[in-house]
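*Asks:* Residue numbers (my numbering), protein chains in the order written: chain E, 1074 to 1446; chain H, 1074 to 1446; chain W, 1074 to 1446; chain B, 1074 to 1446.
Below is the structure I would like to discuss, written out as structure tokens.
Number of protein chains: 4
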Amino acid sequence: MTRALGVAVIGYSFMGRAHSNAWRNVGAFHPHLPRVSQQVLVGRDEPAVRSAADQLGWREWAIDWRDVVTRDDVDVVDICTPGHLHHEIALAALHAGKHVVVEKPLTNTLEESAELVEVASKARAGGVRSMVGFNYRCVPALALARSVIADGRIGEVRQVRASYLQDWLVDPAAPMTWRLRKEQAGSGVLGDLGSHLVDQVRFLLDDEIETVSGRLETFVESRPGPSGAEPVTVDDAAWALLGTTRGAVVSVEVSRMAAGRKNSLQIEVFGSGGSVAFDLERLNELWVDTGEGRTRVLVTEPDHPHLAPWWPPGHVLGWDHTFTTQAAGFLAAIADGTDPTPSFEDGLAVQRVLDAVERSDVAGRGTVDLATS
Amino acid sequence: MTRALGVAVIGYSFMGRAHSNAWRNVGAFHPHLPRVSQQVLVGRDEPAVRSAADQLGWREWAIDWRDVVTRDDVDVVDICTPGHLHHEIALAALHAGKHVVVEKPLTNTLEESAELVEVASKARAGGVRSMVGFNYRCVPALALARSVIADGRIGEVRQVRASYLQDWLVDPAAPMTWRLRKEQAGSGVLGDLGSHLVDQVRFLLDDEIETVSGRLETFVESRPGPSGAEPVTVDDAAWALLGTTRGAVVSVEVSRMAAGRKNSLQIEVFGSGGSVAFDLERLNELWVDTGEGRTRVLVTEPDHPHLAPWWPPGHVLGWDHTFTTQAAGFLAAIADGTDPTPSFEDGLAVQRVLDAVERSDVAGRGTVDLATS
Amino acid sequence: MTRALGVAVIGYSFMGRAHSNAWRNVGAFHPHLPRVSQQVLVGRDEPAVRSAADQLGWREWAIDWRDVVTRDDVDVVDICTPGHLHHEIALAALHAGKHVVVEKPLTNTLEESAELVEVASKARAGGVRSMVGFNYRCVPALALARSVIADGRIGEVRQVRASYLQDWLVDPAAPMTWRLRKEQAGSGVLGDLGSHLVDQVRFLLDDEIETVSGRLETFVESRPGPSGAEPVTVDDAAWALLGTTRGAVVSVEVSRMAAGRKNSLQIEVFGSGGSVAFDLERLNELWVDTGEGRTRVLVTEPDHPHLAPWWPPGHVLGWDHTFTTQAAGFLAAIADGTDPTPSFEDGLAVQRVLDAVERSDVAGRGTVDLATS
Amino acid sequence: MTRALGVAVIGYSFMGRAHSNAWRNVGAFHPHLPRVSQQVLVGRDEPAVRSAADQLGWREWAIDWRDVVTRDDVDVVDICTPGHLHHEIALAALHAGKHVVVEKPLTNTLEESAELVEVASKARAGGVRSMVGFNYRCVPALALARSVIADGRIGEVRQVRASYLQDWLVDPAAPMTWRLRKEQAGSGVLGDLGSHLVDQVRFLLDDEIETVSGRLETFVESRPGPSGAEPVTVDDAAWALLGTTRGAVVSVEVSRMAAGRKNSLQIEVFGSGGSVAFDLERLNELWVDTGEGRTRVLVTEPDHPHLAPWWPPGHVLGWDHTFTTQAAGFLAAIADGTDPTPSFEDGLAVQRVLDAVERSDVAGRGTVDLATS
């Protein structure tokens, strides 16, 4: 029997917890994939990372990711830090020959993403696997939507409505966080939630974005910080219109000010022969209309995507299960010697669209052509 | 007892039927308003208008609206023709001193609308009432939404999502009609459905549109006409972003290609303290969220707007009841000597926004400032 | 041209208004049926009936139904009084050779219903038409459900869940009305709402009820009357289990105490190959599941039952439109010389089931076999 | 640091997997509870149990539960076998002084349940904890419903509609299983799904069942077994009416033949001041109506029951998370020296109701009084 793959997760906060959960459970649901050993959890605050490692099932903890990415007992480096650190850690891990998972967005800047793509591409030749963590590709209902579209069941796609709405910033008294500072977060809701939507559109349609127009808005311009009011330097809400290579038009709307919407990623795809619709707040359901009416498919059958390892029909999954499926996909790629998706190239493609939204907003909100700019 | 008000309806097709239905029923539900006499129905095709008049409860029929708008037994002229005839008929009726209802959109061009506003404004001084027929202001749930917003229950409005989706053009083999020819229809779905959305946004928010960017799209560029393929000269779908005087941002999306959506006008208004949401396919329901969750209000209580004359709670209304309520509002204004809403000024304000969408589309889709252009 | 059929409606309250509305509108939507003249509205309170007649479009009003049912200008007698008067008026009208519509329930007692069936049966031989007014047979979505079942699309029916829930008696302070006195109303919610459910089950399944068990409950035993507290002598809620000839089991639940349910008639029919589901609060929708998921059919297409005369797809109907369709069905039967449905026999069949529910409740709630008791 | 509690799970099939998953994850979400060690998984088929133990995170596997329940390194025995084995294993474990979890139903017979209650009651005095596994008490939305009711927000409960519908037996060709044989399963859907409903009603209302009437039905009387058609000796569907001590009436309906319903436990509770409603297919949502309309509460906030350890608002949970919460509750009781719920007494109370349903069905379906029979 081969040695289990050693995994290191960098970051122990929200995403670090979600990824740890996935590594702890992936073997129980995917017994035929390579075994995993939760080798080391990395974070800068010693008491916190020690406690998190203990709680989340890790053998060890460490303070400095530099010491970890070269360890012999680490085969996979999974990066869950804030976005401005992704580039440096991923580069080091790839250079050390480790398989790398980067939580989305790939990086905070186009330049960094482009460099990561190049390095990952070379590493690929040596069998090093890399993936960006758009976990919603692992929602069974969305994977089913992709296959419904790919099978031509809704015809040629013409129009897509995509929105991702949350409300945790509705109250002007909600405090300042690193997510609202441009230097750490890169952008606001556009990068955080808009990146998921752009990735989903590319995933569902299997098509590329060619033209972009967009608008950003900051409704609450300063918020209480530890030492008084602090300016919010990122967007609270954003809108975009995207044109695809095959002629579809996609409207995008994201917000952290949408009172009453907690985590509502909604996508509706209209084709020449039908439509599909989805809402993340009801993640086990897909609506499919091929002419007879809107059909609510409870996506919990064993022959639906990603569901065979789980429970009987009607026994619904939750948000965190997507990470377990994502981890399984990465392990399968390692085992099969194939490239996992979404790739760093996918991550870069998303960043290029988000960058164009920002450029459009600055320049009067007219259309930006990605092919020529 | 005073003489009943004589009504003439011009047009006996879809809207002519809906308005006739309203004039036939308004007295039964509003006994305290002035009585109405269905005097004459007007149309160009003699056998058709004769048969329609007989069926829909009219005393007489006529071929030429010019003969009708000056008749002594006609007090109200209700114009339900295609848009390119609105201007001429309305002018004649106002000049004859008749109260005038014009089905939306007010006219096909800004110039025509501006002239109507001017003439109606003068006529108003002489007690002549005029109204444009945005019947969805009479949907009880939308009227309730307006009052929820006006009462400050959702705080300051920041973000609005408005869409109106139909699917009767999904099939490229669907035949050519006057609605797809620019010279008759003025525009495509933008004018037809977009006008309802712009009016609703102004109605719900009690706010004005200041900036506009937009895009139009024709997905199916020619359709079978009586003598072969004919070019479609209007838009199949349209998008806009609107900025209001008080700082709200409104996204608008309209389409006749949204497979599976039959008549789905959806509006969601997000404020600093909550939200409201509506879908015309479930026109008796309003969703209100003021912090505890999304509440489905079945808008059928006697103390809800417009509902006192109708049925007990839970006995739902249909689409056509909005026209009866609209007719009642017009009669009440005549009786009270007040000005009915929406006014021709409201109709013009909508036309200005739609015009700006078209200009933005032509000019690279950037922002148009209504104050300066 | 033949003379229009003269109609008399007896009763001008809730049902009298709804039926008047239907007679006033039926011609506009069904021009090929016999013409109708709203001849006379009958009620005991002179000022009230005079005012109602004027408002609702009637030529005349009258105080005594005895004078009316024999008039030469009356061809149709439509009985909308409380249930204890149905029997006497219907008998007189049938004896006078008039076509008769009786609002449900047919009568308050089995004996009365049996006699009406006998008399109507004889009158039928002379071309006299009779119908009981279960208007929900005219809900397009329910008529579609019946045809889905009849076409075998959900297989053999096994299990039905039927409920009709309202909440107007939730508050113990809600005042006494004739509907809560056994001598006038016959029974409480069982007869009022339960009768609709039993009729629907027979209509949808085209099957007969054979066995019945049931329970009645009065949660609030006295209510404020004009001269102090008065005992409630009917049921607030009722339950039944019905067995059909073909082996289906039907659960029935009705209540006027179901807080938050305004007028919610829900039916779900499960067969060996699928299911259908309906809720009157969303009366334009039918849910059909034949294996792929639950499909929401927006029942507003011209080829759906009863919809051809109305509006384009997605332009929803309301509760009162069912009465117009019901009136059209009655007129069509008169014109064609056929027997309209539901017949008095159908009305009696419903009464027999309701009677068995009451007997079961009294006798320990065990099963009553309709064939042997 | 104290030694981790050693756990043994008996059974590795559906429930054995779900409970294993809970023991593997409980520490990560509840770090302040006693640590757990997955000591041994027990099953009769050596290759299968060996493989399952390896996959599901167990240190060891064993064939004979008798060897396991007395092991020094086992503190908790968690019984996930078919119901006919619960009694014997639980007795042995209690006698060995182990804490015991029994998956529902407690046992297949009243006698067995009564004996277990007695033995567990004595063991309790010695600090031995026991619990029956009605995991739906751990659904956050249902726990919230209980607290809404307990706080009096819907007033005095009068009427409850409870159903649990699945469809895995719709097809008459679905094969025979142990669940359809009375000697192993005890009963059919009544015990399997009805037990959940009865427990939920007692949990939500904090009230006791006093009267019971019921009916059982087997729609498909034989099914293909390994050696030809085999009789189905349990119920496919069941109905009951329950009366509670405080005067509420509860309707219960359960089925494995409800085409299109995959795992739909629905409960609607109507009180004198409002209502709550729930559907397990949307397990993160609770509907609450206290007079303004039906409010959909997305039960994912940190201050909702059971949710503090999980994810941010809107990041929904799945079915299997309920078992983790259940395990945490059991560990907390051990740590605190309190008695966990639901107790064996609760399990017995449920069995008494189910037994009364069966007796009512046999005896003409009339009412059985639990106090006197």
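Beta carbons are placed, not taken as given, at the ideal position from N, Cα and C, and that holds for glycine.
Taking 8 Å as the cut-off, decide whether the C-beta atoms of residue 1423 of chain W and residue 1178 of chain W are in contact.
*Replies:* yes
*Asks:* Just the chain E side, please: which residues come within less than 9 Å of residue 1312 of chain H by C-beta, in chain order?
*Replies:* 1314, 1322, 1324
*Asks:* Specify, as a first and last residue, the run of the beta strand (DSSP E) that residue 1078 of chain H falls within.
*Replies:* 1078 to 1083
*Asks:* Got a sec: is the Cβ-Cβ distance from residue 1234 of chain H to anything in chain B below 8 Å?
*Replies:* Using a Cβ-Cβ cut-off of 8 Å, residue 1234 of chain H does not count as an interface residue toward chain B, since no Cβ of chain B sits closer than that to its own.
*Asks:* Classify residue 1119 of chain W: buried if its beta carbon has 16 or more other beta carbons within 10 angstroms, exposed otherwise.
*Replies:* exposed
*Asks:* What residues of chain H sit near residue 1368 of chain B, judged by a beta carbon separation below 8 Å?
*Replies:* 1365, 1366, 1367, 1368, 1369
*Asks:* Counting pairs of beta carbons, one from the segment 1418 to 1436 of chain B and one from the segment 1382 to 1402 of chain B, are three or more of them closer than 8 Å?
*Replies:* no
*Asks:* Against chain H, does residue 1327 of chain E count as a neighbour if the rule is that its beta carbon must be under 8 Å from one of theirs?
*Replies:* Not a single CB atom of chain H sits nearer than 8 Å to the CB of residue 1327 of chain E.
*Asks:* Under 8 Å Cβ-Cβ, which residues of chain H neighbour residue 1094 of chain W?
*Replies:* Near residue 1094 of chain W (Cβ distances below 8 Å), the residues of chain H are 1098, 1101.
*Asks:* Give the straight-line distance between the Cα atoms of residue 1361 of chain B and residue 1321 of chain B, rounded to the nearest whole angstrom.
*Replies:* 19 Å
*Asks:* Return no unless some Cβ of chain H is closer than 8 Å to the Cβ of residue 1301 of chain W.
*Replies:* no
*Asks:* Looking only at C-alpha atoms, which of B/1089, B/1146, B/1141 sits nearest to residue 1162 of chain B?
*Replies:* B/1141
*Asks:* Kindly list the residues whose CB is nearer than 6 Å to the CB of residue 1319 of chain E, restricted to its own chain and excluding five residues on each side of it in sequence; keep chain order.
*Replies:* 1280
*Asks:* Comparing the C-beta of residue 1377 of chain H with each C-beta of chain W, is any distance below 8 Å?
*Replies:* no
*Asks:* Using a threshold of 8 Å, state whether the C-beta atoms of residue 1419 of chain B and residue 1197 of chain B are closer than that.
*Replies:* no
*Asks:* In chain E, which residues lie with their C-beta within 7 Å of the C-beta of residue 1128 of chain B?
*Replies:* For a Cβ distance threshold of 7 Å, residue set 1100, 1101, 1104 of chain E lies close to residue 1128 of chain B, ordered along the chain.
*Asks:* Residue 1171 of chain H and residue 1386 of chain W - do their beta-carbons sit closer together than 8 Å?
*Replies:* no
*Asks:* May I ask you to report which of helix, strand or coil DSSP gives residue 1276 of chain B?
*Replies:* helix
*Asks:* Could you tell me whether the Cβ of residue 1266 of chain B comes closer than 8 Å to any Cβ of chain E?
*Replies:* Not one chain E Cβ lies under 8 Å of residue 1266 of chain B.
*Asks:* Do residue 1403 of chain E and residue 1189 of chain E have their C-beta atoms closer together than 8 Å?
*Replies:* no
*Asks:* Are the segment 1286 to 1303 of chain E and the segment 1212 to 1228 of chain E touching by the rule of at least three beta carbon pairs closer than 8 Å?
*Replies:* no
*Asks:* In the DSSP assignment, the alpha helix (DSSP H) including residue 1162 of chain H goes from what residue to what residue?
*Replies:* It spans 1159 to 1168 - the alpha helix (DSSP H) in which residue 1162 of chain H sits, taken as one unbroken run.
*Asks:* Could you name each continuous alpha helix (DSSP H) segment of 4 residues or more that falls completely within the segment 1095 to 1133 of chain B, going from the start of the chain to the end?
*Replies:* 1119 to 1129
*Asks:* Go through its chain and collect everything with a Cβ distance to residue 1369 of chain B's Cβ below 7 Å, but skip five positions before and after it.
*Replies:* So the qualifying residues of the chain are 1358, 1360.
*Asks:* So with CB distances below 8 Å, who are the chain E contacts of residue 1362 of chain H?
*Replies:* 1332, 1333
*Asks:* Which runs of the alpha helix (DSSP H) at least 4 residues long sit entirely within the segment 1190 to 1264 of chain H? Give them in chain order.
*Replies:* 1213 to 1223, 1255 to 1258
*Asks:* With respect to the alpha helix (DSSP H) encompassing residue 1405 of chain W, which residues constitute its N-terminal and C-terminal limits?
*Replies:* For residue 1405 of chain W, the uninterrupted alpha helix (DSSP H) run begins and ends at 1394 to 1409, by DSSP.
*Asks:* Hey, could you find the ends of the beta strand (DSSP E) residue 1312 of chain B is sitting in?
*Replies:* 1310 to 1317
*Asks:* In chain W, which residues lie with their C-beta within 8 Å of the C-beta of residue 1473 of chain H?
*Replies:* Summary: the structure shown does not reach residue 1473 of chain H, with chain H confined to residues 1074 through 1446, and so no result is reported for it.
*Asks:* Quick check: the Cα distance between residue 1330 of chain W and residue 1236 of chain W, rounded to an integer number of angstroms?
*Replies:* 13 Å
*Asks:* List, in chain order, every chain B residue whose beta-carbon is nearer than 9 Å to that of residue 1273 of chain E.
*Replies:* What residue 1273 of chain E touches in chain B: nothing, since even the nearest Cβ is about 17 Å away.
*Asks:* Measure the Cβ-Cβ separation of residue 1399 of chain E and residue 1208 of chain E and say whether it is below 8 Å.
*Replies:* yes
*Asks:* What does the Cβ neighbour count give for residue 1366 of chain W, buried or exposed, with the cut at 16 atoms within 10 Å?
*Replies:* buried
*Asks:* What does the alpha-carbon distance come out to for the pair residue 1311 of chain E and residue 1088 of chain W?
*Replies:* Between residue 1311 of chain E and residue 1088 of chain W, the C-alpha separation is close to 53 Å.
*Asks:* So for residue 1138 of chain B, helix, strand or coil by DSSP?
*Replies:* helix
*Asks:* Take residue 1192 of chain B and list the residues in its own chain whose beta-carbon comes closer than 7 Å to its own, dropping the five residues that flank it on each side.
*Replies:* So the list reads 1164, 1167, once near-sequence residues are dropped.
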